[in-house]
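Some notes on the structure that comes next.
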Amino acid sequence: MKYETVIGLEVHVQIDTKTKIFCSCSTAFGSPPNENTCPVCLGMPGVLPVLNKRFLESSMKACLATHCTIEPMNRFARKNYFYPDLPKGYQISQMELPLGTKGHINIQIDGVKKTIGLTRIHMEEDAGKLIHGENLGSPGKSYVDFNRTGVPLCEVVSEPDMRSSEEARAYLAELKSILEYAEVSDCNMEEGSFRCDANVSIRPVGQKELGTRTELKNLNSFKFVQKAIEFEVARQTKVLEQGDTVKQETRLYDSDRGETFPMRSKEEAHDYRYFPDPDLVPILVDSAWVEKIRKTIPELPEQKRERFSSSYGIPEYDTGVLTSSKALANYFEECTALFPHPKTISNWVMGDLLRDLKKEGRDITECPVSPAALIELLKLIESGTISGNIAKGVFEEMYQTQNSATSIVEKKGLKQITDSSAIEKIVEEVLQANPSQVEELKGGKEKVLGFLVGQVMKLSKGKANPGMVNKLIKEKIV
Ligand code: ADP
Ligand code: MG
Ligand code: ZN
């Protein structure tokens with residue numbers, strides 16, 4: 001039997017705000033445990049939550065950026081469950097009336113476009129964090145840090161529209177990019193600002209009803225999302241092929257072993273006894289407010305990709321790489337403003353620059369070579385002062401030392417030799433040293449020309465102008 005994979009993703013995104021969702025405690029990451037707490041986020045009896053307006057407006061932005069409809073009336077609900085890191089005994093979330101509904105995200109894999117539906121985006125508070133003593137040298141004890149309780153989150157729930165782990169990855173990358181572009185979240189996965197749960201099922205090809213899903217948690221990188229889904233699809237396939245049925249359950253991914261294992265049986269909505277939170281009024285959003293927020297949304301990745309390919313005339317592949325982050329796109333545009341050769345710039349940025357950054361795990365915002373410095377180098381190539389090959393070495397040195405291209409070229413004497421008598425001398429030397437190759441070239445074996453040019457370049461330490469070398473050898477031999 002052939003099976004089809006079905007995936008729906010739930011992503012928790014921390015929305016950038018200075019203060020928490022219902023109190024004025026700081027949301028700063030990395031503070032000493034329990035420093036950012038107050039009676040509200042500690043769930044003391046008698047306190048009242050007050051919604052952070054900035055958070056609401058950023059959440060509206062997230063909804064609009066993903067083509068969701070903002071519901072004119074939405075409200076918070078209590079999701080009741082007990083856990084030591086949830087001091088109130090319930091989480092304030094949204095249930096039957098979420099902020100945003102019916103959105104979509106466009107993805108593209110190998111040139112094939114696909115639209116993934118968004119069921120909803122709702123607002124909720126984060127829970128605290130349990131730290132088990134095993135990790136602190138005091139086994140048997142557990143500690144709780146409430147700094148995270150009340151940190152504002154949006155949960156983005158997709159339709160079960162994805163059919164492979166690659167589509168899931170592409171969806172996550174695009175969602176992350178949109179939210180970064182819209183400036184609603186830094187989507188820092190290491191700090192937990194962008195967390196994904198994957199719902200996975202399989203069904204016989206052609207069957208309409210969905211299969212039983214499992215929900216995979218603890219996926220803190222795109223790579224793990226992909227691997228966990230692949231493991232899970234293989235596992236479910238084996239279960240069905242053995243004539244068993246897949247159990248609906250929540251599973252954890254162990255990245256060391258590359259496996260998922262059961263965590264708990266899946267809870268149902270009624271287990272949480274949701275009801276409207278009586279401490280918070282329903283949120284009424286009129287269209288004037290929606291339009292006001294819409295105006296604050298900057299250019300989004302999809303629009304930027306279209307503009308890049310139409311106004312710079314660079315290939316789709318380049319466009320995709322260069323717009324993969326807003327900072328990288330800005331870097332590229334700063335370069336093009338200084339030097340109107342987009343494809344040349346794109347080659348350098350995608351090649352040498354990104355390669356060096358990647359090697360050190362650095363982000364473009366930490367790039368030691370500024371747009372102006374890179375362009376200074378490209379201008380030296382354009383004017384014929386140095387060859388493209390020499391420029392590669394100069395770039396490496398710029399990256400390491402932050403010295404300017406001009407000063408490196410001068411200090412190291414890397415200027416291209418364009419004086420034809422100087423080149424002629426080297427050419428003659430090479431021809432004399434390689435009589436048999438000269439004969440072959442005379443006999444019409446064109447391939448030998450490249451070898452001879454290479455010898456001249458080597459002898460000149462890469463500084464001879466390759467065009468002139470080519471021309472001189474031909475003149476001498478014919
Ligand atoms: P819950 O909180 O119970 O996980 P949600 O409605 O918040 O429920 O999320 C359900 C997620 O699971 C959605 O992303 C949805 O697309 C996905 N989903 C639902 N049924 C299936 C299925 N059979 N196979 C794969 N994904 C599914
Ligand atoms: Mg879920
Ligand atoms: Zn607080």
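Its first residue numbered 1, the sequence shown is counted upward by one per residue in the working numbering.
We put the beta carbon where it would ideally sit given N, CA and C, even for glycine.
Give the straight-line distance between the Cα atoms of Lys223 and Gly361, rounded to the nearest whole angstrom. 16 angstroms
Quick one: is the Cβ of Cys41 within less than 8 angstroms of any heavy atom of the ligand ZN? yes
Taking 8 angstroms as the cut-off, is the C-beta of Lys20 nearer than that to any heavy atom in the ligand ZN? yes
Three-state class that DSSP yields for Ile386 in the structure shown: coil
How far does the alpha helix (DSSP H) with Gln112 in it reach, from first residue to last? The sequence given here places Val at residue 112; Gln does not occur at that position. Taken as a continuous stretch (DSSP letters only), Val112 belongs to no alpha helix (DSSP H), being part of the beta strand (DSSP E) at Val112 to Glu125.
Nearest-angstrom Cβ-Cβ length linking Pro481 and Asn80, presumed shorter than 8 angstroms: Residue 481 lies beyond the residue range present for the chain, which begins at 1 and ends at 478; the question has no answer from this structure.
Residue range of the unbroken alpha helix (DSSP H) whose run includes Phe146: Here Phe146 belongs to no alpha helix (DSSP H), and DSSP marks it neither H nor E.
Just to confirm the assignment: which complete alpha helix (DSSP H) runs, minimum length 4, are found wholly within the segment 257-314? 287-294 and 301-312
Identify whether Arg75 lies in helix, strand or coil by the three-state DSSP scheme. coil
I'd like to know if the segment 322-338 and the segment 209-225 are in contact, where contact means that at least 3 CB-CB pairs between them fall below 8 angstroms. no
Is Thr37 near the ligand ZN, going by C-beta to nearest heavy atom under 8 angstroms? yes
Could you tell me how far apart the beta carbons of Ile92 and Pro49 are, in whole angstroms, since I believe they sit closer than 8 angstroms? 7 angstroms
Could you check the C-alpha separation between Thr401 and Lys129 for me, to the nearest Å? 43 angstroms
Jot down the residue ranges of each uninterrupted alpha helix (DSSP H) in the segment 411-444, minimum 4 residues, whole runs only, in chain order. 420-433 and 435-442
Which residues mark the beginning and the end of the beta strand (DSSP E) in which Arg195 is found? Phe194 to Pro204
Have a look at Pro298 and Pro371 and give me their C-alpha separation to the nearest angstrom. 23 angstroms
Using three-state DSSP, classify Ile107 as helix, strand or coil. strand
With the cut-off set at 9 angstroms, would you say Cys41 and Leu118 are in Cβ contact? no
Contact test: Ser185 Cβ vs the ligand ZN heavy atom, cutoff 8 angstroms: no
With DSSP collapsed to three states, give me the class of Asn347. helix
On the premise that Glu167 lies in contact with Lys113, defined as a C-beta separation below 8 angstroms, what is that separation, rounded to the nearest angstrom? 12 angstroms between Cβ atoms; not a contact.
Could you check whether the Cβ of Gly128 sits closer than 8 angstroms to any heavy atom belonging to the ligand ZN? no
For Gly150, is the beta carbon positioned less than 8 angstroms from some heavy atom of the ligand ZN? yes
Taking 8 angstroms as the cut-off, does the CB of Ser24 come closer than this to any heavy atom belonging to the ligand ZN? yes
Best match in Lys88, Met263, Glu159 and Ser265 for proximity to Pro45 [C-alpha to C-alpha]: Lys88
On the three-state DSSP scale, how would you describe Asn80? strand
Of all residues in the structure, which have a C-beta closer than 6 angstroms to any heavy atom of the ligand ADP, taken in chain order? Val6, Ile7, Gly8, Leu9, Glu10, Val157, Ser158, Glu159, Pro160, Asn199, Val200, Ser201, Leu210, Gly211, Arg213 and Glu215
Using the beta-carbon count (16 or more within 10 Å), is Asn330 buried or exposed? exposed
Could you check where the alpha helix (DSSP H) with Arg169 kicks off and where it finishes? Ser165 to Tyr181
Helix, strand or coil at Val13 according to DSSP, with G and I counted as helix: strand
CB contact flag (Pro72, Leu284, <9 angstroms): yes
How far does the beta strand (DSSP E) with Asp254 in it reach, from first residue to last? Glu249 to Asp254
Classify Lys20 as buried or exposed, calling it buried when 16 or more other Cβ atoms lie within 10 Å of its own Cβ. buried
CA-to-CA distance, Asn135 to Lys141, given in whole angstroms: 10 angstroms
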